[in-house]
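**Student:** First residue of the sequence shown? That's 1 in the numbering used here, and the numbers climb one at a time after it. First the structure, then my questions, so here it is.
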Amino acid sequence: MTSPQLAVVSNRLPVRLSKNDDGQWTLAQGAGGLVTAMAPVLRNRGGSWVGWNGLATEEDVSSLFETFSKQAGYELHPVQLTPEQEHGFYAGFSNEILWPLFHDLPTRCNFYKPDYWRHYRDVNQLFAETIAAKLPASTYCWVHDYHLMLVAGMLRKIDPTRRCGFFLHIPFPPPDNFLKLPWRKELLQALMEHELVAFHTLRDRRNFEACLQSLLPKTVIRGRGAIVQARYESRTVRIGAIPISIDYKSFTHTAGLPEIKEAAHSLADAYEHRTLILGVDRLDYTKGIPERLESLRLMLQQHPELREKISFIQVLVPSREDVGEYRHLKMEIEQLVGEINGQFATPGWSPIHYQYRNMPREELVSYYLAAHIMFVTPLRDGMNLVAKEYCACRRNNTGVLILSEFAGAAAQLQRDGAVLVNPFDVQGMANALQAACMMPIAEQKRRMQHMRETIRKHDIYFWCDTFLDTAFALKLADIPQMED
Ligand code: ADP
Ligand code: G6P
1 MTSPQLAVVS
11 NRLPVRLSKN
21 DDGQWTLAQG
31 AGGLVTAMAP
41 VLRNRGGSWV
51 GWNGLATEED
61 VSSLFETFSK
71 QAGYELHPVQ
81 LTPEQEHGFY
91 AGFSNEILWP
101 LFHDLPTRCN
111 FYKPDYWRHY
121 RDVNQLFAET
131 IAAKLPASTY
141 CWVHDYHLML
151 VAGMLRKIDP
161 TRRCGFFLHI
171 PFPPPDNFLK
181 LPWRKELLQA
191 LMEHELVAFH
201 TLRDRRNFEA
211 CLQSLLPKTV
221 IRGRGAIVQA
231 RYESRTVRIG
241 AIPISIDYKS
251 FTHTAGLPEI
261 KEAAHSLADA
271 YEHRTLILGV
281 DRLDYTKGIP
291 ERLESLRLML
301 QQHPELREKI
311 SFIQVLVPSR
321 EDVGEYRHLK
331 MEIEQLVGEI
341 NGQFATPGWS
351 PIHYQYRNMP
361 REELVSYYLA
371 AHIMFVTPLR
381 DGMNLVAKEY
391 CACRRNNTGV
401 LILSEFAGAA
411 AQLQRDGAVL
421 VNPFDVQGMA
431 NALQAACMMP
441 IAEQKRRMQH
451 MRETIRKHDI
461 YFWCDTFLDT
471 AFALKLADIP
481 QMED
C-alpha cells in the first residue's frame, strides 16, 4: 500500500521566532525532543507541519514561514493563538496539569483554574479547523504529544473520513495518577479517535491499557508483542510501544568532522584535561537537576581525592519561563551551583561550570565529544534523546552514560550499556559517579559499543517507518515486530 501525504501536527512548529538586534523577526530551529526527532523525518519525506507559531503577536510574519517552507522542502502551516489562549492552553492546561501529572508528579498539578480546560478545548478545535481548511482529506495526520489529544476527534466531527495517528512523547501515567484528572474520560475517549496510539515504552502502553480498562471497561484488547489492538464501541485502535530515537548517522557524522574534533580538544584544554562530567537538559523539574547536583556534592565530600580531578559542566536550555515552577527551579539550581562551588573551589578550580543558553548543534556535539561521563538523571522522562545523542557521538566507543532508570531510554540501553541509577537516591548516584570516574577503558568500550549498535539499528527513520507501517498495515499480523 502506498503511503498517503503526511502532515505532522504538533503544538510547536519546528522553528522559533525571535527579534534580532535590528528589530527584525528571524527563524531558528526549536529545542526539545519532538522537534529534534521530527524535523529530519519531514526533510526526508516532504509533507507539511501544522503548529503554533509560538508568538502572541498580530504582526504578519507569513513571508518568513514561506521562505522556510521553500528551503526546508516541506510546508509550514502556522496556527495563531491569542495571549489568553497561550496562557490557558499552553502554560496552563498543558504545562501546569498534563505535564506534571503524566510525569508522576501530581502534587505539582494546578487543577484549580477551570478556564484552562476551556482554552485547551478551544485551541484543539482551532488546530482541527486549520487541518480541515489547509490539508486535503487524504492526508494522514500524525498528531504529536499531550497538547493536542482532542484534535483527531474534533477533526473527525468535521470530516469523518479523516485518518489520524497519535504519538505521546512523554510518559503515560499509571491509573493512580491518571484517574486524578477531572477530564480523564474525555481525554481517553478522544485518544481512541485515532487509528494508532503509540508510546515510547511497554510500561507506558500498559498504563494506557490499564486506564482504558478502568474508565472504558467495554474495551476489548487483543494481541501480543509491541503492538496490540483495542476495540471500543465501533472503533478499532492499534496501540503500540515504539521508542523514538535520533538521526544517528547525522550525529556520528558531525562528531567526525575535523573542526568539531578540534573544538572538543579546545574544551579539553580549557578544562586542563580533567575528567569531564556533562549534563545537558531543558531547564525542567522532571530532569532531576537539584538531585544530580546534590549527588555531585556528596561525591566530592566522600572522595576528596577526586577534587580538582573532575569538572562538571551543566548546560541548561531556557524553557517555559512563563510558568512559575520553572522560574523557581532556575533560582534553586543557581543557588545550589553557587553553594557547591563555594564549598569546594580552590585557586584555579571550581567543580561546576554552569551555562544557561541555547546551543547550536555543532557546539553541543563538541561537548558530547569532550565529555568522559554523561550524567542523565531525570525523575521521569518519556525517552531522553540527549542520552542517545551522546552515545552516537562517541565514535571511539569510550565514555560512560549514567542514566536514570526512569528515563524511557533505560528500557533500551540498560542491558550491558548504561550505568543505571535511581535519581531519588542521591547516595546511589554519588557512588555511580565515582565508579564511572574509575571505569576501565575496556569496560567503557564494551558498554558503549553495545549502546551505539542499539541506537544505530533503531534510529529515527526506523521509528518513523515502524509507526507509519503500523498505521498503514492492513492486518495486525502484517506489522513488523521490533527485535531487542
Ligand atoms: P526534552 O524533550 O524533555 O527536552 P530530550 O533529551 O528528549 O528532552 O530532548 C532534548 C533535545 O534538545 C535534544 O535533542 C538536545 O540535543 C536538545 N538540546 C539540549 N540542550 C540544548 C541546548 N543547550 N541548546 C540546544 N539544544 C539543546
Ligand atoms: C518535550 C515535549 C515537547 C515540547 C518540548 C519543549 O520534548 O515532549 O512536546 O515541545 O519538550 O517544550 P516547549 O514547552 O518549549 O515546547
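Here a beta-carbon is modelled for each residue, glycine too, at the ideal position from N, C-alpha and C.
Can you have a look at GLY23 and say buried or exposed, based on whether 16 or more other CB atoms are within 10 angstroms of its CB?
**Tutor:** Exposed, since its Cβ has fewer than 16 Cβ neighbours within 10 Å.
**Student:** Mapping DSSP to helix, strand and coil, what is ASN11?
**Tutor:** strand
**Student:** So the candidates are PRO360, ARG297, SER311; which of them puts its Cα closest to the Cα of PHE251?
**Tutor:** PRO360
**Student:** Spatial neighbours of HIS147 within its chain, please: CB distance less than 6 Å, with the 5 preceding and 5 following residues excluded, ordered by chain position.
**Tutor:** ASN11, SER94
**Student:** What are the boundary residues of the alpha helix (DSSP H) that includes GLN449?
**Tutor:** 441-457
**Student:** Just the Cα atoms here: how many angstroms apart are HIS265 and GLN444?
**Tutor:** 20 Å
**Student:** Report back the beta-carbon spacing between PHE344 and LEU276 to the nearest angstrom; my notes put them in contact at under 8 Å.
**Tutor:** Not a contact, Cβ separation roughly 16 Å.
**Student:** Taking all protein chains shown into account, decide if HIS458 is buried (16 or more other Cβ within 10 angstroms of its Cβ) or exposed.
**Tutor:** Residue burial is scored here from C-beta neighbours: HIS458 has at least 16 other C-beta atoms within 10 angstroms and is therefore classed as buried.
**Student:** From which residue to which residue does the beta strand (DSSP E) around MET486 run?
**Tutor:** Since the first and last residues shown for the chain are 1 and 484, residue 486 lies out of range.
**Student:** Starting from ARG569, trace the alpha helix (DSSP H) in both directions and tell me its first and last residue.
**Tutor:** In the structure displayed, the chain extends from 1 to 484; residue 569 sits before or after that span and is not available.
**Student:** Look at ALA226 and ILE246 and say whether their C-beta atoms are less than 8 Å apart.
**Tutor:** Annotated as distal: ALA226 and ILE246, with beta-carbon spacing of 8 Å or more.
**Student:** Based on Cα-Cα distance, which residue from ALA210, PHE102, ASN396, LEU293 lies nearest to LEU168?
**Tutor:** PHE102
**Student:** Rank PRO440, VAL50, ARG43 by C-alpha distance to the C-alpha of HIS144 and give the top, closest one.
**Tutor:** VAL50
**Student:** Just grab the DSSP bridge partners of GLY165 for me.
**Tutor:** TRP142, LEU196
**Student:** By Cβ distance, which residues of its chain are closer than 7 Å to ILE479, with the 5 residues on each side in sequence left out?
**Tutor:** ILE227, ASP469, THR470, ALA473
**Student:** With 16 other CB atoms within 10 Å as the buried threshold, where does HIS194 fall?
**Tutor:** buried
**Student:** Can you give me the Cβ contacts of ARG297 inside the same chain, cut-off strictly under 6 Å, excluding the 5 residues immediately before and after it?
**Tutor:** ILE340
**Student:** Should HIS273 be labelled buried (16 or more other beta-carbon atoms within 10 Å of its own) or exposed?
**Tutor:** Around the beta carbon of HIS273, fewer than 16 other beta carbons sit within 10 angstroms, so the residue counts as exposed.
**Student:** Give the straight-line distance between the Cα atoms of LEU187 and CYS211, rounded to the nearest whole angstrom.
**Tutor:** The alpha-carbon separation between LEU187 and CYS211 amounts to approximately 11 Å.
**Student:** Alpha carbon to alpha carbon, what distance is there between ARG456 and LEU476?
**Tutor:** A direct Cα-to-Cα measurement between LEU476 and ARG456 gives close to 26 Å.
**Student:** Please state the DSSP three-state secondary structure of ILE131.
**Tutor:** helix
**Student:** Is PRO78 helix, strand or coil by DSSP?
**Tutor:** strand
**Student:** Give the DSSP bridge partners of ALA241, in chain order.
**Tutor:** PHE199
**Student:** Where do the N-terminal and C-terminal ends of the beta strand (DSSP E) with GLN314 fall, by residue?
**Tutor:** Note, GLN314: beta strand (DSSP E), 310-317.
**Student:** Let me confirm a value: LEU179 is counted as buried when at least 16 other C-beta atoms fall within 10 Å, else exposed. Which label applies?
**Tutor:** exposed
**Student:** Using a Cβ-Cβ cut-off of 6 Å (strictly less than) and excluding sequence neighbours within five positions of GLY88, which residues of its own chain qualify?
**Tutor:** ASP115, TYR116, HIS119
**Student:** At what residues does the alpha helix (DSSP H) containing TRP99 begin and finish?
**Tutor:** 99-102
**Student:** Apart from the five residues on each side of it in sequence, which residues of its chain come closer than 8 Å, Cβ to Cβ, to GLU332?
**Tutor:** PRO290
**Student:** To which residues of the same chain is PHE199 closer than 6 Å at the C-beta, ignoring the five residues directly before and after it?
**Tutor:** Apart from the 5 residues on each side of it in sequence, PHE199 sits with its Cβ closer than 6 Å to the Cβ of LEU168, PHE172, ARG205, ALA241 in its chain, given in chain order.
**Student:** Suppose you measure from the CA of LEU191 to the CA of ALA442; what does that come to, to the nearest Å?
**Tutor:** 47 Å
**Student:** Reducing DSSP to helix, strand and coil, say where TRP117 ends up.
**Tutor:** In the structure shown, TRP117 sits in a helix (DSSP, three-state: H, G or I).
**Student:** What is the DSSP secondary structure of HIS273, counted as helix, strand or coil?
**Tutor:** coil
**Student:** In the DSSP assignment, what residue or residues form a beta bridge with THR346?
**Tutor:** TRP349
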